[in-house]
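Residue numbers (my numbering): 578 to 1019.
Glycine is no exception: its CB is placed at the ideal position from the N, C-alpha and C atoms.
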Ligand code: PLP
C-alpha cells in the first residue's frame, strides 16, 4: 500500500496482502459455489462403471436432467467435457459441412459459438448487435422469410449471454420461427441459465439445448450436457459432419442400458445426483424465483446504490444469473477486479473481449442467499472506492438491503418431482413477484 493508500497489485508489498484466512468469495458467473452436500457426494471410491449396479446412477440422472430441461420428448446426453464440448456435439451431430446457420453476435459466448461453427465448416450469417441487447427477433424473422429455398438449417441462440448479463426471449424466437413456417432447428446455449432461469425445452420447441455442470447445477466444470429433440435426433441420420468422441450414436447405443461409450466422470455423476436432489428439494420454480429475487437486490445495489449502469440495455433483458457492470470512463475495470481479489478475497467476473477493462461482472447464480451476496456487494464497493470510483460508501449495501427487506421471495409448494404446478411466463412471473412482494414483511 502506498502512502496515499492506493493499492497497486504490481507492487510486491501490496501483493503479499492477499488473504489466506477465511473463505474466498467466489462471485464469478461460473464456476459457482458448490454446496457442501455436493462436495461430499463427490468424495467416492472409484467403482466399476461397467458393473450391474452402475446404471441405477446413470439412469436416474438422465431422467432427472430431463425435468430440469423441462423435456419429456427429448433425450439428454452427458459428456466428460465442458459446455464447449456440448456446443460441438450439437453442431456436428445434426449438420453437414456447408450447412447455413443464422444467429446474432450478442457478446463473447455467442461469438465463440459462431467461431466454432465456422471452424467446423458451416456457413454462418450473424448479425452483430450492440453489447447489452438480446436476440434480434426482427432480424431473424426477416432472414427466415427471405429464405424461400429453406437453406437455413439452424438458428443459434444464447439464452443467457454471460459476458453481458443478457437473457434472450427464446419463447419469442420460437414464435417467430413458427410464424415464418420455417423448419430450421433451434440450437440454444443454456449454459448459464439451466437450473437458475426458467428453461422450457419442449414448450419452446428447442432442438438442441447445451449446458455445462459448473453454473446452475452447482458442480465443478467437467460435464458438457446436451438435450436433443426427436427432430434433431432424426437430423443425425443425414448429417455428414465428421464426429467421433462426441458422436451421439455411440452414446445412444450405450446409454440405452445405462452405460457410456467411454469412462464416465464418476465423482461428477455422484455430485450431479446430489445437486439434482437439492434443486428438487427446493423446487425448480422456487429456485427460479430465488434467483430473480436475489438478482433484483444486486441490481438495486448497482443502479440505485452506486448509480452505475448495467451492460444490459433494457429490463426485459436483465439476467437473473449475472450482472455486467459498466465502470465510469477513465477507470480500468480490471483494476477493480484485481483489488477485490487481492485485497478482499473476492472473485468478480472480468470483462470479456469487447468488455475488457470496461466492465466487471457479479455472478449471482447457484447456491446463494442474501447475506452471501452482501459480502460480494460490500467487497465490490470497497474495491471500487479503492480504485477511485466515486460512489458513496455503503450505498450498494443499503440499496440491496432495502430491496431484500421490503420484498419477499415468492414461494411455490415444492414437489420432489420438480414439477411445481402451472408455471407463469417470465413477464407474468416478474409482475407477480412485484405484486406479491409488495406485501409488508414480518
Ligand atoms: N456458453 C456460455 C453462455 C457460457 O457462459 C460459457 C462459459 O462460461 C460457455 C458457453 C462455455 O462453457 P465451458 O466454459 O463450460 O466450456
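Compute the minimum distance between the beta carbon of residue 832 and the heavy atoms of the ligand PLP, and state whether it is under 7 Å.
No, Cβ of residue 832 sits at least 7 Å from all heavy atoms of the ligand PLP.
Assign residue 779 to one of three DSSP states: helix, strand, or coil.
It is coil, neither helix nor strand.
Could you tell me the distance, in whole angstroms, from the CA atom of residue 950 to the CA atom of residue 782?
Cα to Cα, residue 950 sits roughly 35 Å from residue 782.
Going by C-alpha to C-alpha distance, which of 671, 708, 624 sits closest to residue 729?
Checking every option, the nearest Cα to that of residue 729 belongs to 671.
Throw me the rounded Cβ distance for the residue 805 and residue 651 pair, which I believe falls under 8 Å.
That belief holds up - the Cβ atoms of residue 805 and residue 651 are roughly 6 Å apart, short of 8 Å.
Which residues does DSSP list as the beta-bridge partners of residue 901?
Partner(s): 938.
Which same chain residues, not among the five before or five after residue 760, have their C-beta less than 8 Å away from its C-beta?
Cβ neighbours of residue 760 beyond the five flanking positions: 727.
Please list the terminal residues of the continuous beta strand (DSSP E) segment that includes residue 677.
Element bounds for residue 677: 677-682.
Excluding five sequence neighbours on each side, which residues of the same chain lie with their C-beta closer than 6 Å to the C-beta of residue 702?
Here the set comprises 679.
What residue does the alpha helix (DSSP H) around residue 706 start on, and which one ends it?
Neither: residue 706 is in no alpha helix (DSSP H) and is coded neither H nor E.
For residue 697 and residue 885, I'd like the C-alpha separation in whole angstroms.
Their backbone Cα atoms lie some 40 Å apart in a straight line.
Could you check which residue in 888, 792, 960, 899 has the C-alpha nearest to that of residue 610?
Selected option, being the one with the closest Cα: 792.
Consult DSSP for residue 1031 and reduce its assignment to one of helix, strand or coil.
Summary: the structure shown does not reach residue 1031, with the chain confined to residues 578 through 1019, and so no result is reported for it.
Can you look up residue 614 in the DSSP assignment and give me helix, strand or coil?
DSSP places residue 614 in helix when its eight states are reduced to three.
If the criterion is Cβ atoms closer than 8 Å, does the pair residue 908 and residue 954 meet it?
Going by C-beta atoms, residue 908 is not nearer than 8 Å to residue 954.
Give the DSSP-derived three-state secondary structure of residue 693 in the structure shown.
Three-state result, residue 693: helix.
Is residue 653 a contact residue of the ligand PLP, with contact defined as CB to any heavy atom under 7 Å?
Outside the cutoff, so no.
Is any non-hydrogen atom of the ligand PLP found closer than 7 Å to the C-beta of residue 768, if you look at the structure I gave you?
True, at least one ligand heavy atom lies under 7 Å from that Cβ.
If we ignore side chains and look at the alpha-carbon of each, how far apart do residue 871 and residue 648 end up?
Those two C-alpha atoms are separated by around 27 Å.
When you compare the segment 621-631 with the segment 806-826, are there three or more beta-carbon pairs, one atom per stretch, that lie closer than 8 Å?
Too few Cβ pairs lie closer than 8 Å, so no.
In three-state DSSP terms, what is residue 662?
Residue state, collapsed to three classes: helix.
Determine the extent of the alpha helix (DSSP H) in which residue 952 is found, giving its start and end residues.
947-963 is the extent of the alpha helix (DSSP H) around residue 952.
Count the other CB atoms, across all protein chains shown, that sit within 10 Å of the CB of residue 992; report buried if there are 16 or more and exposed otherwise.
Unreliable positioning characterises residue 992 in this predicted model, as indicated by a pLDDT of 41, which lies under 50. The coordinate reading is nonetheless provided below. Exposed, by the Cβ-count rule.
How many angstroms separate the CA atom of residue 890 from the CA atom of residue 612?
Looking at the two C-alpha atoms, the distance is approximately 33 Å.
Residue 926: beta carbon under 7 Å from a heavy atom of the ligand PLP?
Not so, every heavy atom of the ligand PLP lies at least 7 Å from the Cβ.
Quick one: residues in its chain with C-beta nearer than 6 Å to the C-beta of residue 788, no 5 flanking neighbours on either side, listed in chain order?
Correct list, in chain order: 767, 768, 771, 802.
Suppose the cutoff is 6 Å on Cβ atoms and the five residues either side in sequence are ignored; what does the same chain contact list for residue 764 look like?
These residues qualify, in order along the chain: 667, 731, 733, 785.
In the DSSP output, what is residue 735 paired with across the bridge?
Looking at the DSSP assignment, residue 735 forms a beta bridge with 766.
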